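Trainee: The following block contains the structure, expressed as structure tokens.
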Amino acid sequence: MEARTPPHSLEAEKSVLGSMLISRDAAELSAEMLTVQDFYMPQHQYIFEAMCDLVNHAKAVDSVTIVDALERAGKLAAAGGIGYIAELSLFVPSAANVSYYIKIVEDRSVLRQLIAAGGEIIKTASDSDAPITDILDEAERRVFNISMKKNEDTMVPVDKSALEAYMRIGELMKTKGEISGVPTGFKELDELTSGLQKGDLIIVAARPSVGKSTFAMNIAEYAATAANKKVAVFSLEMSHEQLTTRMLCSLAKVDMQKVNTGETTEEDLLVLSDALLTLSDSKMYIDDSGNLSVADIRSRCRRQQTRYGLDLVVIDYLGLLQLGNKRGSLVADIAEATRALKILAKELQVPIMLLCQLSRGSESRKENGYRPILADLRDSGAIEQDADMVLLLYRKALAMRNRKDDSEYGGAPAEEIEDNTAEVIVAKNRNGPLKTVNLAFQGMFSRFVNPS
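Take the sequence shown: its position 382, counted from the start at 1, is 445 in this note's numbering, and no numbers get skipped.
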């Protein structure tokens, strides 16, 4: 059976290169939009690579400079020689249509990459003994990387990286005091962190019933409604109806107990309808399917980003994720999961907020008021290691409940203690200082708020 020639357009490739030779704008646009691998013909790859080098060093791109660059690189003959460069410079009368030529070259390149990926997928599916979920995830990753144009060289020269960092510092100076990441809505926390940053894995941890789901959903709600961010929430514990009911009560400041018992008034319904409009206008998506693995979340986040865009991911919570038991121990499986989520945050360039349970360790530390510390992260030190930020939630009323040895509350149940203070202990902050942020907890409205 005769081998088929991979998809390509010789005319489009020559038209792009010809346009680059006669127009600086065309050269810069082509260098930005295409990579060397997008060209099928090896000689065109050599020529385009030389052209990009000239563009990147702000040098002229024409027949003379290209011939000189190729000659110095020892690639002039392989690129077709002086005669072929001269032919390219006359191939198109104008560079006006270069964007169309670029699109053709780009499309043919994608087709070739898909064919190559398809071959690898067939080989993996035929030869691998890996679980089907791993094979599917790898297949999706290959196709996703093509759609996100991940085929460029990932090695970044330090001079380029340093210049980008310097430019970013200048931009931050111009926007002094503004939030650079996804805002949380909590003033002191935003001032400390400048919001949740792209590529970061943020751990929110607490003992049961302290309010980690409420805290995380308050942030998701604020990001989606007040900051117009695109938010994906993976709720492995509560249904989407429960979550949206909580958010409506939080936005409307309506007592959740009244809602749950059907004791809402006409006035409550009025403010709830306003909250409904606010929430309906937001770009928040909730997945409550449960029984999710990290691979499931990864594939759904990739699809979400491709279809609608993505600014923040919330996962509630680590203990309910399907870990697969690949490593034979819970600690190793958790380490693998948190590492994979950190990699996903970097890949998608969004902050991922992962909720975790704390161990009982804090309940034996009377000397610090039973406050949690990093060592209380349950089952794995890898959680702390992979996280860019760790937020530990603490509510005194809960920590002191039913403790006979506490002179302040005398062993009263939490619901009888009139103390709504809450603390967000920033126990790890890779890019900033550590601090305890004070908040107030309004349980009836299912929300944390800035202290008055």
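All C-beta atoms, glycine included, are put in the ideal place defined by N, C-alpha and C. Here the structure is a predicted model, which is why all the values come from computation and not from measurement.
In three-state DSSP terms, what is E241?
Mentor: By one-based count along the sequence shown, residue 241 stands at place 178. Coil, per DSSP.
Trainee: What's the call for T499, buried or exposed, on a 16-neighbour Cβ count within 10 Å?
Mentor: Here residue 499 refers to the residue found at position 436 when the sequence shown is read from its first residue. Flag for T499 reads exposed.
Trainee: Flag this pair as yes or no: are the beta carbons of L386 and I266 separated by less than 9 Å?
Mentor: Within the sequence shown, the letter at position 323 stands for residue 386. Within the sequence shown, the letter at position 203 stands for residue 266. No, the pair does not count as a contact, with Cβ atoms beyond the cut-off.
Trainee: Classify G182: buried if its beta carbon has 16 or more other beta carbons within 10 angstroms, exposed otherwise.
Mentor: Reading the sequence shown from its first residue, position 119 is the one you call residue 182. Flag for G182 reads exposed.
Trainee: Which residues in the same chain as S78 place their Cβ atom closer than 7 Å to its Cβ, once the five residues preceding and following it in sequence are excluded?
Mentor: Residue 78 sits at position 15 when you count from the first residue of the sequence shown. If we look at S78 and ignore the five residues flanking it on each side, its Cβ neighbours are F154, V155 and Y164.
Trainee: Contact check, D374 vs A286 under 8 Å by CB: the rounded distance?
Mentor: Reading the sequence shown from its first residue, position 311 is the one you call residue 374. Reading the sequence shown from its first residue, position 223 is the one you call residue 286. At roughly 7 Å, the Cβ-Cβ gap stays under 8 Å, so D374 and A286 are in contact.
Trainee: In the DSSP assignment, what are the bridge partners of I148?
Mentor: Within the sequence shown, numbered from 1, the residue matching residue 148 stands at position 85. For I148, which the question treats as bridged, DSSP gives no partner whatsoever.
Trainee: In this structure, does DSSP put N214 in helix, strand or coil?
Mentor: The residue labelled residue 214 in the question sits at position 151 within the sequence shown. Only weak support exists for where N214 lies, its pLDDT of 45 falling under 50; the value from the coordinates is given anyway. Of the three classes helix, strand and coil, the one that applies to N214 here is coil, per DSSP.
Trainee: Measuring straight from C-alpha to C-alpha, what distance separates Q176 and S189?
Mentor: For the purposes of this step, residue 176 is taken as residue 113 along the sequence shown, with counting starting at 1. For the purposes of this step, residue 189 is taken as residue 126 along the sequence shown, with counting starting at 1. One C-alpha to the other measures close to 20 Å.
Trainee: Helix, strand or coil for Y348 per DSSP?
Mentor: Your numbering for residue 348 matches position 285 in the sequence shown. Of the three classes helix, strand and coil, the one that applies to Y348 here is strand, per DSSP.
Trainee: To the nearest angstrom, report how far apart I397 and Y380 are at their CA atoms.
Mentor: The residue labelled residue 397 in the question sits at position 334 within the sequence shown. The residue labelled residue 380 in the question sits at position 317 within the sequence shown. I397 and Y380 have their C-alpha atoms roughly 12 Å apart.
Trainee: Touching or not, the region 118-127 and the region 191-210, by the rule of three or more beta carbon pairs under 8 Å?
Mentor: These segments do not touch.
Trainee: Does the distance from the CB of K423 to the CB of I488 come in under 9 Å?
Mentor: One-based indexing of the sequence shown puts residue 423 at position 360. One-based indexing of the sequence shown puts residue 488 at position 425. Checking the sequence shown, residue 423 turns out to be Arg, not Lys. No, these two residues do not count as a Cβ contact at 9 Å.
Trainee: What span of residues does the beta strand (DSSP E) with L502 cover, start to end?
Mentor: Indexing the sequence shown from 1 puts residue 502 at position 439. Its beta strand (DSSP E) spans residues K498 to Q505.
Trainee: Considering S298, what are the terminal residues of the beta strand (DSSP E) in which it resides?
Mentor: The residue you call residue 298 lines up with position 235 of the sequence shown. K293 to S298 is the extent of the beta strand (DSSP E) around S298.
Trainee: Nearest to H303 by CA position, among Y348, L174 and T256, is which residue?
Mentor: Position 240 of the sequence shown, counted from the start, is the residue given in the question as residue 303. Closest by alpha carbon: Y348.
Trainee: Taking 6 Å as the limit between beta carbons, can you name the residues of its chain near K275, skipping five residues before and five after?
Mentor: As a working note, residue 275 is residue 212 in the sequence shown. Closer than 6 Å at the Cβ level, and outside the excluded window around K275, lie V267, A269, L418 and L456.
Trainee: Output yes or no for whether 9 Å exceeds the beta carbon distance between P414 and D253.
Mentor: As a first step, residue 414 is located in the sequence shown; it is residue number 351 there, counting from the start. As a first step, residue 253 is located in the sequence shown; it is residue number 190 there, counting from the start. No, the Cβ-Cβ distance between P414 and D253 is not below 9 Å.
Trainee: Would you kindly check if the distance between the Cβ of G143 and the Cβ of G106 is under 9 Å?
Mentor: Position 43 of the sequence shown, counted from the first residue, corresponds to residue 106. Position 80 of the sequence shown, counted from the first residue, corresponds to residue 143. Going by the sequence as given, residue 106 is Gln instead of Gly. Against a cut-off of 9 Å, the Cβ pair of G143 and Q106 comes out as a contact.
Trainee: As an exercise, report each continuous beta strand (DSSP E) stretch of at least 3 residues that is fully enclosed by the region 434-465, in chain order.
Mentor: If we require 3 residues or more, the beta strand (DSSP E) runs fully inside the region 434-465 come out as 452-458.
Trainee: On the criterion of 16 or more Cβ atoms from any shown chain inside 10 Å, does M64 qualify as buried, or is it exposed?
Mentor: As a working note, residue 64 is residue 1 in the sequence shown. Below a pLDDT of 50, predicted positions are generally treated as unreliable, and M64, at 49, falls in that range; the measurement from the model is reported next regardless. Exposed, since its Cβ has fewer than 16 Cβ neighbours within 10 Å.
Trainee: Taking only three categories from DSSP, how would you classify R510?
Mentor: Here residue 510 is taken as the residue at index 447 of the sequence shown, counted from 1. DSSP places R510 in strand when its eight states are reduced to three.
Trainee: Beta strand (DSSP E) containing V377: first to last residue?
Mentor: Locating residue 377 in the sequence shown gives position 314, where the first residue counts as 1. Per DSSP, V377 belongs to the beta strand (DSSP E) from L375 to D379.
Trainee: Using the Cβ count rule (16 or more neighbours within 10 Å means buried), how would you classify E234?
Mentor: Translated into positions along the sequence shown, residue 234 becomes position 171. With fewer than 16 Cβ atoms within 10 Å of its Cβ, E234 is classed as exposed.
Trainee: Can you tell me whether DSSP reads S427 as helix, strand or coil?
Mentor: Position 364 of the sequence shown holds residue 427. Helix at S427.
Trainee: Short check: CB of Y109 to CB of A89, under 9 Å?
Mentor: Locating residue 109 in the sequence shown gives position 46, where the first residue counts as 1. Locating residue 89 in the sequence shown gives position 26, where the first residue counts as 1. The answer is no: Cβ separation not under 9 Å.
Trainee: Assuming contact is defined by CB atoms lying nearer than 9 Å, are L92 and V161 in contact in what I supplied?
Mentor: Locating residue 92 in the sequence shown gives position 29, counting from the first residue. Locating residue 161 in the sequence shown gives position 98, counting from the first residue. Cβ distance < 9 Å, so L92 and V161 count as in contact.
Trainee: Look at M310 and E284 and say whether their C-beta atoms are less than 9 Å apart.
Mentor: Counting from 1 along the sequence shown, the entry for residue 310 is found at position 247. Counting from 1 along the sequence shown, the entry for residue 284 is found at position 221. The answer is yes: Cβ separation under 9 Å.
Trainee: Among C312, N323 and T324, which residue has its Cα nearest to the Cα of A338?
Mentor: Within the sequence shown, residue 338 is the residue found at index 275, counting from 1. Nearest neighbour of A338 by Cα position, chosen from C312, N323 and T324, turns out to be C312.
Trainee: Quick one: is P246 buried, meaning 16 or more other Cβ sit within 10 Å of its Cβ, or exposed?
Mentor: Working through the sequence shown from its first residue, we reach residue 246 at position 183. Result: buried.
Trainee: Evaluate G258 with the Cβ neighbour count: other Cβ atoms within 10 Å of its Cβ, from every protein chain shown; 16 or more gives buried, anything less gives exposed.
Mentor: Indexing the sequence shown from 1 puts residue 258 at position 195. For G258, the number of other beta carbons within 10 angstroms of its own is at least 16, and it is reported as buried.
Trainee: Considering only DSSP beta bridges, list what V317 is partnered with.
Mentor: Taking the first residue of the sequence shown as position 1, residue 317 is located at position 254. Bridge pairing for V317: absent [DSSP].
Trainee: Could you pull out every unbroken alpha helix (DSSP H) segment of at least 4 residues lying fully inside the region 71-133, listed in chain order?
Mentor: 73-85, 87-96 and 105-119
Trainee: Check Q385 in the structure and name its three-state DSSP category.
Mentor: Working through the sequence shown from its first residue, we reach residue 385 at position 322. Of the three classes helix, strand and coil, the one that applies to Q385 here is strand, per DSSP.
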